[in-house]
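Data block below; observations after.
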Amino acid sequence: MQLPKALRNTSLVVGAAITLTIVLLAIFAPAIATHGVEQMDMRNRFAGPSFQHLLGTDNFGRDLWSRLIWGARVSLTIAIIAVVCSVIIGTIVGLVAGYFGGWVDLVLMRITDIFLGVPAIVLALAIVAILGPGVMNVALALIVVAWTEYARVVRATTLVLREQNYVQAARALGARPSRILFKEILPNALGPIIVLASLGLGTAIIAESALSFLGFGLPPPTPTWGWTLAYGTKFIRDEPWLSIISGATIMITVLGFNLLGDGLRDVLDPRQLSRGGGKS
Amino acid sequence: MKTLLSTVSAVGLALAVFSGGSFSAQAAGTLVVGTDVDAGTLDPRLARDSTAYRVADLVYAGLVHITPKLEPVPDLAESWETPDPQTFIFKLRPGLKFSDGSPLTADDVVFTYSTLLNPDFSSPIRALFTPVKAVTAVDAQTVKFELAAPYAPLLTYLDVGIISKKAAESGQDISTKPVGAGPMKLASWNRGSDITLEANPDYWRGAPSIDKVTLKVIGDNSARAQAFEAGDLDVIQSPLSPQDITRLAGDDRFGNVKMAGLGVTYLNFNAKDPLLADPKMRQALSMLVDQQTIVNDIYQGVDQVASSLILPSSWAYSADIKQPTFNVEGAVKLLNELGWKDTNSDGILDKDGKPLTITLATHSEDPNRVQALEFMQAVFQQAGVEAKAQISDWPSFSTNYVQQGKHQIALLGWLNIVDPDRLMYAQFTTGGPTNWGGYSNAEVDTLLNEGRSTLDQAKRTEVYQKAATILASDLPYFVISDQGYQMFYQKDLPTEVQATPRGYLRGLIGLND
Amino acid sequence: MIAYIIRRLLLLIPLAIGMVVVTFALLLIIPGDPASVLLGQEATPEAIATLRANLGLDDPWYIRLWDYFAALAHGDMGQSIFQSQPVSTIIAGRLAATIELAVVSLVLATILGLVLGVISAIWQGSIIDTATMLLAQLGVSMPVYWLGLLLMLLFAVNLGWLPAIGRGEPLLDALAAALSGRPEVLIKSLSHIALPAFALAVNSAAIISRLVRTSMLEILREDFIRTAYAKGLRRPRVIVRHALRNALLPVLSVIGLRFGALLGGAVLTETIFAWPGLGQLTISAISQRDLPLIQGIVLTFAIIFALVNLIVDLLYAAVDPRIRLG
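Sequence order for the protein chains is A, B and C. In my numbering, each number is its position in the first sequence, counted from 1, plus 700. In my numbering, each number is its position in the second sequence, counted from 1, plus 232. In my numbering, each number is its position in the third sequence, counted from 1, plus 5.
Structure below.
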């Protein structure tokens, strides 16, 4: 992968730019926030944008700009935890199933099917209800729903790579399966995993907001995007501004991840057909 | 899956909507009412949601009818007497008939109440009839209720619809095919979508002036308001979103009834929690609740700031009984007296090296409660109380948390408080079935027992006011607001409108009191 | 072929058992007691205990699981705790509405996806291409419920063109009514389904359009297309006759997969638009802890999921002779 080629890919550049901006805003939230994130002003609810409040205020008169950049921290943290864990679980399951085949493959793939078959919303709501809302628990709900996709893609890739000459050679030389899996196969399967993970970050952010919309998100006053949008939708009839701004924030961020994922796909593997992510 | 009948009626509605654009479908004496949930059952003994109650009130008739002023008046019963405080004898009207034409006798009344009282029948309202020992038929027209102890509120609960013993025992599923003796009868029921009723000419007062009532289920409050504005509905009522109320009230196409409701929104303090065991602590924390802002800004003035456990809609109400009011300095002062001081200047009060931490909890289904909780959390925090908000869905919150006494402060509500007894007896008597916070006060126990055992309303008023005064400073509950009841209707309705705080519909079909 | 179908259907059994067990395990530890929710706040603890016992909720888990499977073997999914009806009756009443929404959505998504995909492939690299693909990217980046609410606000509330919520007559019935001279019934049904179907379709339309574009671009570069031009065929004819037909193959498999996603996505869409389908039922069953109903819904989704996959595989084999089922 040469740099100039990557830079010529518009999706990649725009996606990376959006993602980087959001990540920087999240990291420097304490410095950039103009108001206290929990500072209410009930006499100034649903205010429009002004010099005082860049994006206006929410249903408690809190500064929306400050809430959204602090919210970026929370939402990104949940999304990253969820995706990293899903990738780890899915990759291990996929590698093992694809490499060993036979009954190992059969059992693992049937388990994957079961998790894929139970409606995602039932799984996620049940898990949050059981464990109670919290960053790790919401992330866990997203992991349980998301890991299957990685498992299936990694397994498919492993099935192909397993037959490659260099893997066969390593096997003939008596290398241990763990060595073959992690030293020979995994590095070559990384491309699709990275692409999928980047799209998965967007999916996770949308899923977190959907949980909040259904009342299963993080408890207030944590400034998550999901809660801000969920509140916004309650007032959409008379005060559409709140839901438009918070919805647009989510949309732009997810757009960033999706563009990044598409760009990476083109750069890493130009021949593979595009297949987009985005569940809700 | 759909009956022919329902298909026809839906088509009729479609025609009405499309032939005239946006006007209400009331040409042929029909009434379309928006409702928030589908009925779970149409068996009056098992009804537990507002829609089931409202439909049951039309399909069935009870011994008594409760007027908008919450007074019991004769319905199926022509008259009654109480030879002693533990006996009620009801005389039925002559010639009563169910909507299927069969006669209604004392046997049906006995059947209704004896099944309701059977623990295995699991009626949600069985607890209201706990003191009832036996219900017997004296003759075909006369029913006797015998009580284990005097029980004043009984009459206000005897509006339960009387069901047909014959229909029930012949194996007919009362919950989906109801047979009652009320002003209307079931025409069709499309689960999750609508319930249609038609006039019952066999009702003892004669057929109502409206031929057909349809209840349309629209779960989302704002969507229901929009359907009403578009003319698809003739009537909508609480629960409504505060924002929608403000807008609809300003629209002169619509009539508007607003009255004190029968519910409260309150904070449940867990008196068993070591931190909250001292009434002074509960007083201090109550002083941190900004009722004005919650009621006026979050509920936008639909509800009213509450001052005590007796509702303004009740005969026992007194404006002189007062809970603590919002006063941050006063609260902090009281907390300081209790030993909570900010010794390490971190903005949070502490005692013996431990910060003052408290958990506020509510359920996620009601956005107004969630907002009220989030607002209170911020005020607590500013006053130096480290407050955590905990929000879960209703089943987790109610059955696994508050009802197990695992909470510290919980925000929730009570409905249908037609008698002061219903908000106090089970809640505050020592070991009472819904005394989740474990509150106990011998004097309150005595007063509340006295309140249910005398039929003298003046005496009862005095007793409940005394109890409410003690409770307003003991504070097992801090009542935030008295819920308001709100109804909007199209001004061109064919009948006069008489609303009730329970949202019952007899006053909309020409059966005013 | 038939042997293949039978084998696939047999594989459904372990899948369904697995899903029932996973759901059962989750419901076993989920907080919230249906008996208590059913009886309401005023119920005494004794009344709740009695109802729990009567509902069999106090039995050990292995007995409850065994009882469930035993009943299921006889085709009985049990009785809903909150709606006094058998689970199968309730689900049957809702299933048609959900399938109707998903099918209409899928048709909409396919048409939109094809049109947008073909347009951007033909004008590859132009501003039209960029705009279309950006639109597609935005389509997959929006939370569905947010899009739904915005659509409702615009078309139902502000413009008043379409009803905000609810369902008209079932489309097939409405179609029959229209044929027998009552087109207004069909118009009403279509006006009700328009917003939820569109909200649900956007995501899939975006995915399909990107796929169609990629696939069209590859085919437009192939020799036989060049030959067609060389023979003097005009552009639209080439695109429709030759390129699109060949580009459809990969699209077909994705359309099948999207049907499953649409059924899942219907949960939020149905909740917002008060569409009386399975998705709305799922949410209310969970929020009441109606355990038998939740189990029944999960089982239903399992069966649909498996059947849709089977149909996709069969269709794929039928369209592409290179694929052999075995």
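We treat Cβ as the ideally placed atom computed from N, Cα and C, and that holds for glycine. The model shown is predicted, which means the values in this text are computed figures rather than measured ones.
Query                                                                                                                   : Result
Amino acids of chain A, ordered along the chain, whose beta-carbon sits closer than 9 Å to that of C:Y9                 : Those do not exist, as C:Y9 stays about 18 Å from chain A at its closest Cβ, beyond 9 Å.
Burial state of A:F751 (16 or more Cβ within 10 Å)                                                                      : exposed
A:V822 burial status per 10 Å Cβ neighbour count (16 or more: buried)                                                   : buried
In DSSP terms, what B:Y709 is bridged to                                                                                : B:N500
7 Å Cβ cutoff, A:M809 in contact with chain B                                                                           : no
Alpha-carbon to alpha-carbon, B:K698 and B:L679                                                                         : 8 Å
Proximal residues, the segment 812–837 of chain A versus chain C, C-beta separation under 7 Å                           : D813, I814, G817, V818, P819, A820, I821, V822, L825, A826, A829, I830
Neighbourhood of C:H197 by C-beta, 7 Å cutoff - its chain only, sequence neighbours within 5 removed                    : P168, G171, R172, G173
B:Q524 classed as buried or exposed, judged by whether at least 16 other C-beta atoms fall within 10 angstroms          : exposed
Contact between the segment 100–110 of chain C and the segment 261–275 of chain C (3+ Cβ pairs under 8 Å)               : yes
Buried/exposed call for B:D688, threshold 16 Cβ in 10 Å                                                                 : exposed
CA-to-CA distance, B:A359 to C:T49, given in whole angstroms                                                            : 6 Å
Within chain A, the residues that B:P599 reaches when beta carbons sit closer than 9 Å                                  : G915, A930, Y931, K934
Distance between B:L324 and B:W312 (C-alpha atoms, nearest Å)                                                           : 9 Å
A:R937: contacting residues in chain B (beta-carbon distance under 9 Å)                                                 : S454, A457, Q458, S473, Q475, D476, R479
Chain C contact residues for A:M740, given Cβ-Cβ distances below 8 Å                                                    : Those do not exist, as A:M740 stays about 25 Å from chain C at its closest Cβ, beyond 8 Å.
Paired residues, beta bridge with B:H595 - DSSP                                                                         : B:S624
Cα-Cα separation, C:N163 to C:I308                                                                                      : 41 Å
Spatial distance of B:S282 from B:T262 (CA atoms)                                                                       : 21 Å
Among B:A604, B:T727, B:L278, the one whose alpha carbon lies nearest that of B:S407                                    : B:L278
Contact test: A:W847 Cβ vs the ligand NAP heavy atom, cutoff 6 Å                                                        : Absent from the structure shown: the ligand NAP. Ligands present: none.
Contact set between B:W198 and chain C, taken where Cβ atoms lie within less than 8 Å                                   : No statement about residue 198 of chain B is possible, as the shown extent of chain B runs from 233 to 745 and does not include it.
B:L520 classed as buried or exposed, judged by whether at least 16 other C-beta atoms fall within 10 angstroms          : buried
Beta-carbon neighbours of C:P50, restricted to chain B and to distances below 8 Å                                       : P665
Cβ-based burial, A:W803 [other Cβ within 10 Å; buried from 16]                                                          : exposed
is_contact[B:Q622, chain A] using C-beta, thresh 7 Å                                                                    : yes
Cβ contact check for the segment 714–732 of chain B and the segment 659–677 of chain B: 3 or more pairs under 8 Å       : no
Contact list for B:T347 against chain C, beta-carbon separation under 8 Å                                               : The contacting residues do not exist; B:T347 stays about 14 Å from chain C at best.
Residues from the segment 264–284 of chain C in contact with chain B, defined by Cβ distance under 7 Å                  : A279, P281
Within chain A, partners of C:G23 - CB distance below 7 Å                                                               : R810, I814
Three-state secondary structure assigned by DSSP to C:Q90                                                               : coil
Rounded straight-line distance, which links the Cα of C:I291 to that of B:F377                                          : 40 Å
Residues of its chain near A:R743, where Cβ-Cβ distance is below 8 Å and the 5 sequence neighbours each way are ignored : G761
Under the three-state DSSP convention, the category B:S256 falls into                                                   : Reliability of the predicted coordinates at B:S256 is poor, the pLDDT of 39 falling under 50, and no value is obtained from them.
Interface partners of B:N632 on chain C, CB under 8 Å                                                                   : P36, G37, D38
Where B:Q635 sits in the DSSP three-state scheme                                                                        : helix
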